[in-house]
Ligand code: AMP
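In my numbering, the protein residues as written are 2 to 219.
Printed below as a string of structure tokens:
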């Protein structure tokens, strides 16, 4: 795989986290999820968490400078030397330009951008049905991929939880933020010739297989 930086693009619920996890495992590179980092900061009640909490709960994006800062710090850690995956970042044109500047300063080429495209009806089912393991972060879905025992992770018995922002009102706001602020990135990256569109309506295993096949040849 040539590209050093992989970016997962797609609406909330498209499966960015699930696919990023598979690629991270396969290539042994870190998955950098801004959503996970922000949720962790909220839980630990750090200054960052306190600044981000209200916006996250209402489904709005956290300001660019806040997110840019945490991503820059994370990318500069040694484990990112042989590659990294950005999951949920960038989400605005300004954030994309920030990534371009960081990669240029490191002497890196352009990122490879994987856009997971999912129909709106399916997005809603994925978001309302999503459950996450509180121990290992494994993602389930009560409609499509339920755990063997309700509320419990198959892998480690951890308790599953539903994200606070996976409720209908917040989901509507998050989709609106995606359409208005994030979807212009599709044209931005298409114009750079680095975009690969993936049919995200398929089941996660089929998407992962196609994606890993593509990356092994890329
Ligand atoms: P996610 O887990 O990627 O769905 O993100 C959850 C929430 O975290 C989003 O609805 C935003 O409030 C915030 N967030 C995550 N990534 C970003 C980003 N790149 N820019 C701004 N806000 C973000």
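Built from N, CA and C at the ideal position, the CB exists for glycine as well.
Reduced DSSP category for residue i - H, G, I as helix; E, B as strand; rest coil
i	result
residue 96	helix
residue 27	helix
residue 3	Since pLDDT at residue 3 reaches only 48, below the 50 mark, its modelled position is unreliable, and no value is offered.
residue 32	strand
residue 56	helix
residue 132	strand
residue 19	helix
residue 153	strand
residue 218	helix
residue 62	coil
residue 211	helix
Candidates the options, of which the one nearest residue i by Cα
i	options	result
residue 118	6, 10, 5	10
residue 207	16, 181, 7, 99	16
residue 80	52, 6, 54	6
residue 94	53, 180, 214	180
residue 204	213, 215, 178, 145	145
residue 72	58, 108, 31	31
residue 178	214, 60, 155	60
residue 217	141, 69, 24, 133	24
residue 183	90, 53, 19, 76	90
residue 142	85, 130, 150	130
residue 164	44, 33, 27	44
residue 214	57, 99, 19, 27	27
residue 57	150, 111, 173	173
According to DSSP, residues forming a beta bridge with residue i
i	result
residue 117	11, 199
residue 168	Residue 168 pairs with nothing; no bridge assigned.
residue 88	9, 34
residue 161	134
residue 140	133
residue 146	142
Expected contact under 8 Å - CB spacing of residue i and residue j to nearest Å
i	j	result
residue 65	residue 198	With a Cβ gap of about 25 Å, residue 65 and residue 198 do not count as contacting.
residue 134	residue 157	7 Å
residue 39	residue 53	5 Å
residue 67	residue 49	7 Å
Residue j beta carbon less than 9 Å from that of residue i
i	j	result
residue 1	residue 37	The question about residue 1 has no answer here: the residues shown for the chain are numbered 2 through 219.
residue 14	residue 123	yes
residue 160	residue 136	yes
residue 97	residue 190	yes
residue 86	residue 187	no
residue 114	residue 62	no
residue 92	residue 35	yes
residue 169	residue 155	no
residue 162	residue 127	no
residue 176	residue 12	yes
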